[in-house]
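Asker: One structure is given below, represented as structure tokens, and several questions about it will come after.
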Amino acid sequence: MSKRNTVVPGARRALDEFKAEIASEFGLTADNITNNLKSSHTGYITRELVKMGEKEMMKKYNK
């Protein structure tokens, strides 16, 4: 499976919005997000996505 494929169809827009939100925290604009994201930035984004997923799982299983 390609890195660019999303598991959930239609999730691309939400992921792009999330990337833009994180990029703005680094002072990047929408025009230069892809050119300026370095491995530390993408690592940060990955950690944030994992945190969000963990929180959602905790909500689901702690009912």
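Per the working numbering, the sequence shown runs over residues -1 to 61.
Ideal placement from N, C-alpha and C gives every residue a C-beta, glycine not left out.
In this structure, does DSSP put Phe24 in helix, strand or coil?
Answerer: If you number the sequence shown from 1, residue 24 lands on position 26. DSSP places Phe24 in coil when its eight states are reduced to three.
Asker: Quick check on Ala12: does DSSP put it in helix, strand or coil?
Answerer: Within the sequence shown, numbered from 1, the residue matching residue 12 stands at position 14. Helix, per DSSP.
Asker: Are the Cβ atoms of Glu52 and Ile20 separated by less than 8 Å?
Answerer: What you label residue 52 is simply residue 54 of the sequence shown in a count that begins at 1. What you label residue 20 is simply residue 22 of the sequence shown in a count that begins at 1. No.
Asker: Helix or strand or just coil, what does DSSP make of Val6?
Answerer: As a position in the sequence shown, residue 6 is number 8, starting the count at 1. Val6 falls in the coil class under three-state DSSP.
Asker: Here's the rule I'm using: 16 or more other beta-carbon atoms within 10 Å means buried, otherwise exposed. How should Lys17 be labelled?
Answerer: The residue labelled residue 17 in the question sits at position 19 within the sequence shown. So Lys17 counts as buried.
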